[in-house]
Structure formats: C-alpha cells, structure tokens
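Chains as they are written, first to last, in the UniProt record's numbering: chain A, 1 to 262; chain B, 1 to 262. The C-beta atom is built at its ideal place from N, Cα and C for all residues, glycine as well. Here's the structure, in structure tokens; my notes come after.
Protein chains: 2
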Amino acid sequence: MAGVEDTAVRAKQIPEAAVARLAVYLRVLSGMAEQGATTVSSEELSGSAGVNSAKLRKDLSYLGSYGTRGVGYEVQVLVSQIERILGLTRQHRVAVIGIGNLGHALANYGGFPGRGFPVEALFDTDPDLVGIPVGGIPVSHLEDIPRICSEREISVGIIATPPTAAQSVCDRLVAGGVQCILNFAPVVLQVPAHVEVRKVDLAVELQILSFHVARRADRAGEAPENRGTPGLPDAGLPIDNGGTGDGRNSAGTDGGLGMVVR
Amino acid sequence: MAGVEDTAVRAKQIPEAAVARLAVYLRVLSGMAEQGATTVSSEELSGSAGVNSAKLRKDLSYLGSYGTRGVGYEVQVLVSQIERILGLTRQHRVAVIGIGNLGHALANYGGFPGRGFPVEALFDTDPDLVGIPVGGIPVSHLEDIPRICSEREISVGIIATPPTAAQSVCDRLVAGGVQCILNFAPVVLQVPAHVEVRKVDLAVELQILSFHVARRADRAGEAPENRGTPGLPDAGLPIDNGGTGDGRNSAGTDGGLGMVVR
DNA sequence: GAGTGTGAAACGCTTCACAGCA
DNA sequence: TGCTGTGAAGCGTTTCACACTC
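Below, the structure is given as structure tokens:
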C-alpha cells in the first residue's frame, strides 16, 4: 500500500490531534477573513484558537510552508490549505437517523457548515414521522437506509437514535455504503475496518467534568483564590449507589439524545 | 507554574484519557449488572467497551486493586469504585443556557443520566420563552444567571446558545460560581483557571470525518476490498450493553451547534 | 527586529510481557 | 491453570529553543 505517490508527496501523516485543531483554526480564520483581516501571526491566531503558538506553528507546518517569516500567514491561503487537507473541497452528503429532539435539531440545520455537509436524508421508525418533511426533507423508514443511502450517495451518517437501535442502524448504514459515522448514541459500535466512527457522548462529558470537580474539592484544603461566592462544599448526598438499578432506557420513540429518562 | 506543586500526595493522577474511558466502563458495567452479571473478566469488559484488555486493566488499576486473579472483577465493586473516582456519589446541579432546539432536547431530559445530574435551571433571552416552563422548569433570563446559579448551587453549566452569546453567558456562569462548563457553541471560551471547560463541536467532528474520507480516497488506488455491497462482516454481535441509562447528546442548532457558515 | 519552521528533548499514553496470586 | 496487576519498552504529541528568512 505504499503508494504514496499521490499528491506530490506530501502525505506526511498528520497527527490525529492536529487534524482536530486544524478544524478549529479554520473557523477562527473564517471569522477573521470576514472582518477583513488579510494576515495573522501565529501568536494572534493561536490566542484566538486557545492553543500556544508553538503548537500552532507545528500544526500549520503539516500543511506545508505557507507563512512569511517576520510577517505571518495570509489568511486566505491558510483557509484554502486547511480546506484542502480536511477534504472540504468536496461535498459530503449527510443522513440523520433518529428524528427525536436531537435529530430535529440536526435536520433543521438545513445545510451544514458553510459548505460541504448537506443533509440529504432523514430516517426514523415512528410511523407518525415517516413521510413528513423535516427541514425540507421527508423522513424515511429505517428499513430503507441501505437503498436510499446508496442512491443518494450519502457518505456520512449521524446516529441520533436510542442506544438499543444504534447498532442495527449502523449496520444498515454500512450496507448502504456510508463510510463515516458520527454516533450520538451511548453505545460502542461495531464496524468493519474501512468505516470511521466518531462518538459524542454527553454522559461521558458530564462525568469527566464531575471527576474534575471532585479532584478540585479534594485539594481545596486551602485554596486561596476562591471566587467570592460561597460555594459550599456541598457535602453531597450519597446517592445510594447500592441500588444500582437504574434501569432505564428502553427505546423510546423519540430518538433522541440517548438518555432516556423520562 | 513550572513549580512542582505539592507533588501529588495522595492522588495518583489518573490520566485524562483513562478518566474518559472509566465513564464508558461504568455504563457497560451498569448494563451488565442489570442483566444479572456478578463478575467480569478484563477480556469480556474490554470487548464490550471497545478497548483492549491491557488498557482496561491499566485503567482499572488506577482505582486500586479490586480484581481477583484467576477470576476477574466483581461488577458491583467496580461500579462503586468508578462512581467514587468520578465523583458521582454527589449531585451536580445543572443549568442549560440557550433553549433552542438543542437546549430543548437537553432540558427535556428532566434529569440526566441515571443519577447525579439534575437540571435545575434554564436560561434564554427570548421574551417569549422566559417564564415558560420547559421540561418542568421555568426559563429565566440570562441576566439572572449569576443570582440563580448561586442560589440553586448550580455546578455545571451547559451552553447551547449561538456563538456570539457564548462568552458573555460563560462570564455570568463563572460569576454565579459555576465550576464546570460544557460548551456546545463553536467558540473558544476564556475562563479563569479554576473553571473546567469541555467542548462539543459538531462541525469539528464532521470535518475530522471528512479528513479521513479524503485520506482514504487518496489511497484508494488499488484497494482490493472495496465496498461493493458491503456485506458487512457481520458486525453485529450483541453488545447489548444498552441498558444503562445514561445519556447522550448533542448538538444544537440554533443554539448553537456550531457551525457558522457564512 | 519580527516571526516562521523545525530538530530534538520532554512528556504522557499505550502496548507488551510476565511476575504473582487465587 | 487463569487472569490480574504492573514495570518497562514503545510511540505519538507537546514543548523548547534556535536557525533562518523577510
């Protein structure tokens, strides 16, 4: 597989972490361009993007050398180069599966970020929804996922169903030729190697935050800087973990964020 | 800051990456417990969580030694230990700011994942919304964020507003004593050091996926396995961890999902 | 002088492989 | 025998510091 001959040799294998940041730089740069800026320094751009300048320069260096020493970078040039690397010069048709609260929000975008991610198909199981247009696109049934995705050349699937439905939806997306999946359901999806999955998990995010609060509380012994408001350590009630049972969730209808609660 | 700080006295300093996975293990374990499982091996648990067993064992070792050689781990014990480490034994009151599509979805949870994250306040600027209850809680005006958060002892703020409002909302949350912020708006927030921020950015996620598709297309020169009709190697095995309640989420549109578009 | 581009050091996370205990 | 717990090796990412260019 070596092949590397593609584009001029430059496939240097950009670190995954850098790819995520490039997307952020792109947004900041677009904002700057809109306000008329034509050049930026690494210091300036990194400040707005929330990283340090060394990291920013390293990241940009993966694109090639597009800066001018003593001056900075040309905003337009960076925008184009980042779009090129991220593959944003072509369209990626999107399908949203699970038209609950979250799915609705996604479908209503109409067309995603600037350019590049038009929503072209919606799916749900609910008979009351099938056939009805949401954000201009009629909702289809889950069973038609393979056919429709194939016909419309969908390349990205966004799963916003309850967790129990997620794997089967995923399988159908794969059968329909979808290569990328953004999964909002709290389940670890099983996919063939050629499919890329990214997961967004609200519960996990909240729990990570919780961890940090807890850590902070521990070492709060003598934190000098406090913010005026009291705060109260709030001892916290134990939530009786004993029971554990929590069971919840079942599949709802609303295909929504994954938690079911009700 | 280079300083050594009080070198870890008690805290073994669990790697950030491990913390995120612990939350996943917790969900899987809760599901197993619900189905009556009392013990698991690292092989089993890691399989369901989508990681390899060595990593799982290493992660669990940060909690202490709770396994039994030759046997495995007791599900209940792991659940309790992970909850302890993640600080889930106490409540973290949540406020949602920006009641658009996404905000609504979040507010309607009613109470978050299983236990621990009750939504106690909602905010928006829209006069038509202020005063109206959503998911049982009346919407308040952004101006009251500091007072209300302080009164209700909110510790987590979820920002689901349009990007332009995000920083000012953030400042008010900080003024109200909020320590953790989950940001759905596509902006890099500026916060004091004692506040923890996590960001969920739909646009970035899609662009990362786009990058991978592009890379893949490049080296598709002679990929033997193509997707013809992918038949799927059958991925499906039962994961069924589904059950546990937790949740998920994300994105919002109007409120912010983040992409700006032009 | 100002600011980029980058090798090399430092750091943190992951993987390996095996000792140790039930 | 079976599986956990963990030191140590391996790797990817971040940071440093400075040569180089405008």
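With a Cβ-Cβ cutoff of 8 Å, do glutamine 76 of chain A and alanine 23 of chain A count as a contact? On the first sequence, residue 76 of chain A is found 76 positions in, with the first residue counted as 1. On the first sequence, residue 23 of chain A is found 23 positions in, with the first residue counted as 1. For glutamine 76 of chain A and alanine 23 of chain A, no; Cβs fall outside 8 Å.
By the criterion of Cβ-Cβ separation under 9 Å, what are the contact partners of alanine 18 of chain B in chain A? Reading the second sequence from its first residue, position 18 is the one you call residue 18 of chain B. The premise fails here: alanine 18 of chain B is roughly 10 Å from chain A at the closest Cβ pair, so nothing lies under 9 Å.
Does the stretch 60-72 of chain B come within contact of the stretch 179-199 of chain A, defined as at least 3 CB pairs closer than 8 Å? Contact fails: fewer than three Cβ-Cβ distances are below 8 Å.
Element boundaries [beta strand (DSSP E), containing phenylalanine 123 of chain B]: For this step, residue 123 of chain B is matched to residue 123 along the second sequence. Per DSSP, phenylalanine 123 of chain B belongs to the beta strand (DSSP E) from 119-124.
Could you name the residues of chain A that glycine 87 of chain B contacts, counting a contact when the two beta carbons are closer than 7 Å? Locating residue 87 of chain B in the second sequence gives position 87, counting from the first residue. Within chain A, the residues placing a beta-carbon under 7 Å from that of glycine 87 of chain B are Ser210, Phe211, Val213, Ala214, ordered along the chain.
Below 7 Å CB to CB, which residues in the same chain sit around alanine 37 of chain B once its five sequence neighbours on both sides are set aside? The sequence position of residue 37 of chain B within the second sequence is 37, counting from 1. Closer than 7 Å at Cβ, skipping near neighbours: Val75.
Determine the chain B residues that contact asparagine 101 of chain A at a beta-carbon separation under 7 Å, and present them in chain order. For the purposes of this step, residue 101 of chain A is taken as the residue at position 101 of the first sequence. Going along chain B in sequence order, the residues near asparagine 101 of chain A (Cβ under 7 Å) are His104, Ala105, Asn108.
Chain-ordered chain B contacts of glutamate 196 of chain A [CB-CB under 7 Å]: In the first sequence, the residue the question calls residue 196 of chain A occupies position 196. Taking the beta carbon of glutamate 196 of chain A as reference, the chain B residues within 7 Å of it are Leu209, His212, listed in sequence order.
For the stretch 44-68 of chain A, enumerate the residues whose C-beta is nearer than 8 Å to any C-beta of chain B, in chain order. Listed in sequence order: Ser48, Ala49, Gly50.
Thinking valine 139 of chain B and glycine 131 of chain B are a contact (beta carbons under 8 Å), I'd like their distance in whole angstroms, please. Residue numbering aside, residue 139 of chain B sits at position 139 when the second sequence is read from its first letter. Residue numbering aside, residue 131 of chain B sits at position 131 when the second sequence is read from its first letter. Right, their Cβ atoms sit about 7 Å apart.
Measuring only the C-alpha atoms, how far is threonine 89 of chain B from arginine 69 of chain B? Against the second sequence, residue 89 of chain B aligns to sequence position 89. Against the second sequence, residue 69 of chain B aligns to sequence position 69. Between threonine 89 of chain B and arginine 69 of chain B, the C-alpha separation is close to 28 Å.
Where the beta strand (DSSP E) containing asparagine 101 of chain B begins and where it ends: Walking along the second sequence from the start, residue 101 of chain B turns up at place 101. No beta strand (DSSP E) contains asparagine 101 of chain B, which is instead part of the alpha helix (DSSP H) from 101-107.
What's the C-alpha gap between residue 299 of chain B and arginine 27 of chain A? Residue 299 of chain B lies beyond the range of chain B shown here (1 to 262); nothing can be said about it.
Threonine 39 of chain B bridges to which residues according to DSSP? The count along the second sequence starts at 1 and reaches residue 39 of chain B at position 39. Bridge partners of threonine 39 of chain B according to DSSP: B:Glu74.
Whole angstroms is fine: what's the gap from alanine 203 of chain A's alpha carbon to aspartate 218 of chain A's? One-based indexing of the first sequence puts residue 203 of chain A at position 203. One-based indexing of the first sequence puts residue 218 of chain A at position 218. Each residue's CA atom was taken as its position, placing alanine 203 of chain A and aspartate 218 of chain A some 23 Å apart.
Going by DSSP, what residues sit across from proline 162 of chain A in a beta bridge? Within the first sequence, numbered from 1, the residue matching residue 162 of chain A stands at position 162. DSSP, once it has assigned bridges, lists no residue as partnering proline 162 of chain A.
8 Å Cβ cutoff met for glycine 98 of chain A and alanine 175 of chain A: One-based indexing of the first sequence puts residue 98 of chain A at position 98. One-based indexing of the first sequence puts residue 175 of chain A at position 175. No, the Cβ-Cβ distance between glycine 98 of chain A and alanine 175 of chain A is not below 8 Å.
Express the C-alpha separation of arginine 216 of chain A and glutamine 35 of chain A in angstroms, rounding to a whole number. Translated into positions along the first sequence, residue 35 of chain A becomes position 35. Translated into positions along the first sequence, residue 216 of chain A becomes position 216. Taking the straight line joining both Cα atoms gives about 40 Å.
Residues in the same chain with beta-carbon distance under 6 Å from threonine 253 of chain A, minus the five sequence neighbours each way, listed in chain order, please. Within the first sequence, residue 253 of chain A is the residue found at index 253, counting from 1. Because the pLDDT at threonine 253 of chain A is just 31, under 50, the model does not fix this residue reliably, and the point stays unresolved.
By how many angstroms is the C-alpha of aspartate 124 of chain A removed from the C-alpha of alanine 165 of chain A? Position 165 of the first sequence, counted from the first residue, corresponds to residue 165 of chain A. Position 124 of the first sequence, counted from the first residue, corresponds to residue 124 of chain A. Linking alanine 165 of chain A to aspartate 124 of chain A through their CA atoms gives a straight-line distance of about 10 Å.
If you compare alpha carbons, which of A:Ser41, A:Thr39, A:Val40, A:Leu45 is closest to arginine 21 of chain A? Position 21 of the first sequence, counted from the first residue, corresponds to residue 21 of chain A. The residue with the shortest Cα to Cα distance from arginine 21 of chain A is A:Leu45.
Backbone CA spacing between threonine 229 of chain B and glycine 177 of chain A [nearest angstrom]: Translated into the one-based positions of the second sequence, residue 229 of chain B becomes position 229. Translated into the one-based positions of the first sequence, residue 177 of chain A becomes position 177. Interpretation of threonine 229 of chain B is limited by its pLDDT of 35, a score under 50 that renders its predicted location unreliable; no figure is taken from the coordinates.
Does DSSP classify proline 146 of chain A as helix, strand or coil? Working through the first sequence from its first residue, we reach residue 146 of chain A at position 146. Proline 146 of chain A sits in a helix when the DSSP states are folded into three classes.
Which listed residue (B:Leu86, B:Gly100, B:Arg198, B:Thr39) has its alpha carbon closest to that of glycine 116 of chain B: Position 116 of the second sequence, counting from 1, holds the residue named residue 116 of chain B. The candidate whose alpha carbon is nearest that of glycine 116 of chain B is B:Leu86.
Are the C-beta of residue 265 of chain B and some C-beta of chain A separated by less than 8 Å? In this structure chain B extends from 1 to 262, so residue 265 of chain B is not present and cannot be described.
On the three-state DSSP scale, how would you describe glycine 47 of chain A? For the purposes of this step, residue 47 of chain A is taken as residue 47 along the first sequence, with counting starting at 1. Annotated three-state conformation of glycine 47 of chain A is helix, per DSSP.
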